[in-house]
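Working notes, structure below.
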Ligand code: B12
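Protein chains in written order, with this note's numbering: chain R, 51 to 534; chain C, 218 to 428.
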């Protein structure tokens, strides 16, 4: 009888023990019950009071723990995101992970001059086109805050439309308020072929934010309730950054951020049970010298790994995360080191939806080159995370026998086993340079930034979407924009 | 009187010690204005310089500011009404549509630490609200914070509203926030841009001195 295959252990990172996870969860519930939150949305406040919460002071409200437990029970454990052609490409569940870009950077590193300059709409398009071509990036975000739109109050609508023009991948979008969100939903329905198909096969997810500490402005809750009703998947992290919006100790920052997320979830599930909600706060740190909120620190990686553990232990809901970002001002060694640190730990911790790939300067600047580099870093991390398959083929005793018998000339490089397996057994870099010194020098002694710059230029010049949108659809999108 | 022990206590952020020394000095009949200028504010100047040099972390600097504030509370009743000299008054707020306030709050605390009087209008402050505050408070400086590209235009609107209300010449305007640049300040006719709280204090001092 043949032996059963040996399962492949895939390396996995745990950073919290069960007692720690439970204690943080308990603290979060205590914040809801004892501290309360400021709910500035009248309808949501009434809904919460009707459900059993107690109002006090000026818009403040205390929420019983059982409401949180109930919301956790009714929220779906899987959020399936589709591409714009209706294929399920991102089932956000259990230990599945997907990387994508970030939202609003003010500046970008110009592809031609290398200079940091304000973002324009064309940048959003280029980032979307680049991500469309890159294998290891699964979704797009606007990656810029374009200065040159016709009406600044609809900036997020123009950015969304620009992404639709340039990619068929799922879109994570921002909206300022109900008004622009409604238009974005309309555009998305046009792409999906109607509101109902969009509801069944959503290709978009909204990223809105509550305000740490403990504040829920009306316009944010408006968006939350709209998404619940339309079943647009949404996440609602708050900026519970250690030392800034939240306690400086990570346990306290996590507890507060989770409490805020639970409030969002409760409102969301009371609005519509079973609507998809992506869990998780953003818990980075406020740098104690520059006072920037860091995108390259080890703490954010640690808190989101902790959240993944809490997902496994308690929540069961897919989570929101970040990676591939940096505080460096240019695409330098710091950028590479910080990006890789968060990419590999987010993967090992099995975070689910991982955004902000390609951010520089603590989220103020974006870089196409950085996105392309991160694509390769993700591939490296993925190769590591796949682990070491162990079976007769991979143990390769036959190959060893052959090479031994080939005598002094015997080398594995010439063996068929190598030919058949090298592409899967080994990681084959595209951007990371392993060439010999002379060849590298002859190629112009280019560093990673310049190699990535070339790759991006090639991609932008040659990439075509696999299933481009038809002209009539694009035309109707234009028309809707013209009506703004 | 030797104020070096008091200064040192403020620099160290030793609240108890600093309060005790302030109380002793007041009881001994020292001039509160001298205690303020040569004890507290000079200490905060040193703190500000050390912070700018990277020798101090933000919480240490804020602790010194808090120490100074507590000492000031002891001095306050001993000033003749209206005789306390502030470094200047600043009306501060995050502009309309924008809810980011951590940076603005930090700027406010640092300015207070440096001896300014700060009138904080909070977040989501409309141009009209700035105008109203300026006409009521008569500040030396108006400070505006914006963290979003979408809310930056509200800074321009506010500058315009102040002009229309005939108040533009009466104040200096300073702006800041992550997407804001010196160039933008120039474009909208603001007087100064500062990239962080430390330089905001330095620039505020210069603005008041030049006015
Ligand atoms: C924390 C944070 C939040 C928190 C704010 C909590 C709070 N109570 O303030 C929350 C989660 C609520 C939030 C919400 C949003 N945010 Co936000 N946020 C941030 C983040 C991560 C840090 C900002 C911060 O607090 N920094 C720490 C403080 C100390 O620094 P600072 O604000 O820069 O202030 C310093 C200087 O700028 C200067 N300064 C500031 N004000 C002033 C004023 C004067 C007069 C002077 C002289 C100087 C000065 O001195 C300060 C101290 O040194 C930044 C990214 C980043 N790393 O900067 C994004 C960021 C600002 N947010 C952004 C966005 C897009 C949003 C949302 C639209 C997101 C969404 N999906 O809904 C909402 C908008 C809400 C609204 N209507 O305002 C974008 C803005 C992009 C753009 N160009 O428009 C950023 C850049 C992130 C990004 N790259 O996408 N955010």
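Even glycine gets a Cβ: it sits at the ideal position worked out from N, Cα and C.
Note that the structure is predicted; figures quoted are calculated from it, not measured.
Indicate whether the contact test is met: 3 or more Cβ pairs, each with one atom in the stretch 370-385 of chain R and one in the stretch 129-139 of chain R, closer than 8 angstroms. Counting Cβ pairs under 8 angstroms, fewer than three are found: no touch.
Under the rule that 16 or more other beta-carbon atoms within 10 Å means buried, what is residue 219 of chain C, buried or exposed? An exposed status is given to residue 219 of chain C, since fewer than 16 other beta-carbon atoms sit within 10 Å of its beta-carbon.
In whole angstroms, what is the alpha-carbon distance linking residue 233 of chain R and residue 53 of chain R? 58 angstroms
Run through chain R and tell me which residues come within less than 9 angstroms of residue 271 of chain C, C-beta to C-beta. 339
Closest Cβ-Cβ distance between residue 380 of chain R and chain C: below 7 angstroms? no
Return yes when the C-beta of residue 151 of chain R is under 6 angstroms from any heavy atom of the ligand B12, and no when it is not. no
Select from R:507, R:342, R:446, R:526 the residue whose C-alpha is nearest the C-alpha of residue 465 of chain R. With distances taken between Cα atoms, residue 465 of chain R lies closest to R:446.
According to DSSP, is residue 356 of chain C part of a helix, a strand, or is it coil? coil
Would residue 395 of chain C count as contacting chain R if we go by Cβ distances under 7 angstroms? yes
Compare the C-beta of residue 362 of chain C against all C-beta atoms of chain R and say whether one is closer than 7 angstroms. Output row for residue 362 of chain C: interface = no.
Just checking residue 374 of chain C against the ligand B12 - is the residue's beta carbon closer than 6 angstroms to any of the ligand's heavy atoms? no
Between residue 295 of chain R and the ligand B12, is there a pair consisting of the residue's CB and a ligand heavy atom that are separated by less than 6 angstroms? yes
Would you call residue 273 of chain R buried or exposed, if buried means 16 or more other Cβ atoms sit within 10 Å of its Cβ? buried
Cutoff 7 angstroms: residue 279 of chain C Cβ touching any chain R Cβ: no
Taking 6 angstroms as the cut-off, does the CB of residue 339 of chain R come closer than this to any heavy atom belonging to the ligand B12? no
Alpha carbon to alpha carbon, what distance is there between residue 387 of chain R and residue 213 of chain R? 29 angstroms
Kindly list the residues whose CB is nearer than 6 angstroms to the CB of residue 281 of chain R, restricted to its own chain and excluding five residues on each side of it in sequence; keep chain order. 249, 325
List the DSSP bridge partners of residue 464 of chain R. According to DSSP, residue 464 of chain R bridges with nothing at all.
With DSSP run on the structure shown, which of helix, strand or coil describes residue 409 of chain C? Looking at residue 409 of chain C - three-state DSSP - the assignment turns out to be strand.
With distances taken between CB atoms, is the gap from residue 197 of chain R to residue 241 of chain R smaller than 7 angstroms? no
In this structure, does DSSP put residue 234 of chain C in helix, strand or coil? Residue 234 of chain C falls in the helix class under three-state DSSP.
Is residue 195 of chain R close to chain C? Criterion is C-beta to C-beta, closer than 7 angstroms. yes
Which residues in chain R have a C-beta closer than 8 angstroms to the C-beta of residue 413 of chain C? List them in chain order. 340, 341
Could you list which residues in chain R have their beta carbon closer than 8 angstroms to that of residue 311 of chain C, in chain order? Per Cβ cutoff of 8 angstroms: no residues; residue 311 of chain C is ~12 angstroms from chain R at best.
Can you tell which of R:65, R:61, R:105, R:60 has its C-alpha closest to the C-alpha of residue 357 of chain R? R:65
Looking at the ligand B12, does it come within less than 6 angstroms of residue 364 of chain C, judged from the CB to the closest heavy atom? At least one heavy atom of the ligand B12 is nearer than 6 angstroms to the Cβ of residue 364 of chain C, so yes.
Report the residue from R:204, R:529, R:522 whose alpha carbon sits nearest the alpha carbon of residue 224 of chain R. R:204
Proximity to residue 180 of chain R [Cα-Cα], best of R:92, R:200, R:504, R:527: R:504
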